[in-house]
Amino acid sequence: MGVRITSWNILHGMAIPPRNSPDLAAELAAAVQSLNADVMGFQEVDHFLPRSNSRPQIRDIAESVGARDWAMGPSVIGTPGESWRKLHEHEPEIITDKSSHTELMHECYGIGIVSKIPVISWHRLNLGRSFLGLPLIVPGDESGKGKPRFIYVKDEPRLAIAAVLENGWTVVNTHLSFVPGLNLRQLRRLKKWTLEIAEASGTQAIVMGDLNLPKDLPTVFSTWKSLAPGNTYPSWKPSIKFDYLLSQALHRNEFSVMRLSPTGISDHLPLGIELSN
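Under the numbering used here, residues 8 to 284 are what the sequence shown spells out, in order.
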C-alpha cells in the first residue's frame, strides 16, 4: 500500500448533527482512525480550549493513530467567535511533540499535521488576515435542515505549516481567509513558499487544506492540479468544494483518490489520496 495523505476541517471535533455524547474526543479519534492515513492535515483545531474539553486535539489524534510526529500551528490565542488575540512574539509559532510543558499549555486554535512518516523539519508561513469581516451564508442548521441564513464572521490570522518528510515529500497544510481576493493572494504566496521549501529540501510538494475557494479556483491559470475531486461542504449535503489537495508534479497514474465516508464529525468532509508505490 502506498502513502495515504488526507486533509480535513474538523470543526474542533464538533458532532454533526449535534448530539449528546459522553466522549466526543473518543468519537473524533475513531473518525480519524477510520481515515486510515499516514499523513493528515487538519484545520479548525483546538488546543486546550474549554469548548473541546481542554484537550490538545492534535496530540490526542497523533496518539490515537500511533504517529510519533505532530505539529500544531496556532492562529490565535483564545477561541474564534468569542475572545481571542494574536500571538505575542514570545509565544511558540509551532507546537510539536518536542515542545516544553509551558508551550503545550497555551489555549489556542489553528491548524495541524500528524504524520506516521518521520518529519525532518517543520516550517510556518504567516499569511495575515482581513480586518473586515463578512456576512457568510450558512446552509441550513447543523442537522441539515432549515433555511440558509447569514451570520457575520470576523476574519482571523491565517497561516500555513509545512512538514518536510523523510520519504521525499513536503506536505503543506493551510486554512485560508474566506474574504474573496485575499484568499487568492494568500494562495499565491503559499504556492511560492511551498516550492522554495521543496527545492531547498530536494522534495516533491503537496498543498492541502480548506482554501475557502469554490469550483477549483485554486487551479485556474495555474500549473497546480486538484488531486481529489468532489464537494466537501456542508457535510450533510455537499454542494461546494472548499477543501483541496494540490500538486504540480503528480500525474494521474501516480496516485488514486481515497473513498472516505462521512464521519459524523464536522461540517466538512475529509478528502484524501494514496500515492502509488
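Quick reminder that beta carbons are idealized off the backbone N, C-alpha and C, glycines included. Only a predicted model underlies this, so the values are computations on that prediction, with no experimental measurement involved.
Return the CA-CA distance between residue i and residue j, expressed in angstroms with no decimal places.
i: Q50; j: S273; result: 11 Å
i: G73; j: R58; result: 25 Å
i: W77; j: P125; result: 10 Å
i: D104; j: P24; result: 32 Å
i: E89; j: I68; result: 25 Å
i: S263; j: P187; result: 31 Å
i: H113; j: S268; result: 33 Å
i: G9; j: S122; result: 14 Å
i: S128; j: S71; result: 22 Å
i: A32; j: T13; result: 19 Å
i: K248; j: H54; result: 27 Å
i: A36; j: G271; result: 12 Å
i: W91; j: S82; result: 10 Å
i: E281; j: Y251; result: 14 Å
i: E96; j: A44; result: 34 Å
i: K198; j: D217; result: 14 Å
i: E203; j: R26; result: 45 Å
Excluding sequence positions up to five away, which residues of its chain have a Cβ less than 6 Å from the Cβ of residue i?
i: V214; result: V179, T201, L253
i: R62; result: A32
i: W231; result: L253, Q255
Which residues in the same chain have their Cβ closer than 8 Å to the Cβ of residue i, if we skip the five residues on either side of it in sequence?
i: A205; result: T177, Q211, A212
i: G151; result: In this predicted model, G151 has a pLDDT of only 49, less than 50, meaning its place in the structure is not dependable; the value taken from the coordinates is given anyway. Only P24, P241, W243, K244 meet the Cβ criterion.
i: S233; result: D223, P225, T226, Y251, L252, L253
Using only alpha-carbon positions, find the residue among the options that is nearest to residue i.
i: Y310; options: V171, K222, V227, S82; result: Any question about residue 310 goes unanswered here, given that the chain covers just 8 to 284.
i: K93; options: L197, P277, P164; result: P164
i: G209; options: R75, V171, K232; result: V171
i: I168; options: I84, M47, E34; result: M47
i: N16; options: G85, Y116, E96; result: Y116
i: H258; options: A38, S283, V52, P277; result: S283
i: G237; options: G80, M265, S229; result: M265
i: T86; options: A235, L56, R26, I120; result: L56
Assuming the contact rule is C-beta atoms closer than 8 Å, residue i and residue j should be a hit. Round their C-beta distance to whole Å, please.
i: L166; j: R192; result: Not really, about 14 Å apart at Cβ, beyond 8 Å.
i: L42; j: H275; result: Contact doesn't hold; Cβ gap of about 13 Å is too wide.
i: P118; j: H182; result: The amino acid at residue 118 is misidentified as Pro; the sequence shows Ile. Right, their Cβ atoms sit about 5 Å apart.
Leaving out five residues before and five after residue i in sequence, what residues of the same chain have Cβ atoms less than 7 Å from its Cβ?
i: G135; result: P164, R165
i: S184; result: R136, S137, D162, R165, N190, Q193, N219
i: A22; result: S28, L31, E34, G271, I272
Task: Continuous beta strand (DSSP E) assignments of at least 3 residues falling wholly in the stretch 165-194 - done: 165-172, 176-182
Open item on the list: Quick check for students: name the residue ranges of the alpha helix (DSSP H) that lie wholly in the stretch 56-104, counting only runs of 4 or more.
Closed with: 64-72
Task: Runs of beta strand (DSSP E) lying entirely within the stretch 108-134, each at least 3 residues, in chain order - done: Listed in chain order, the complete beta strand (DSSP E) runs (minimum 3 residues) inside the stretch 108-134 are 115-122.
Open item on the list: Ignoring anything shorter than 3 residues, give me the beta strand (DSSP E) runs that lie fully in the stretch 202-277, in order along the chain.
Closed with: 211-217, 250-254, 262-264
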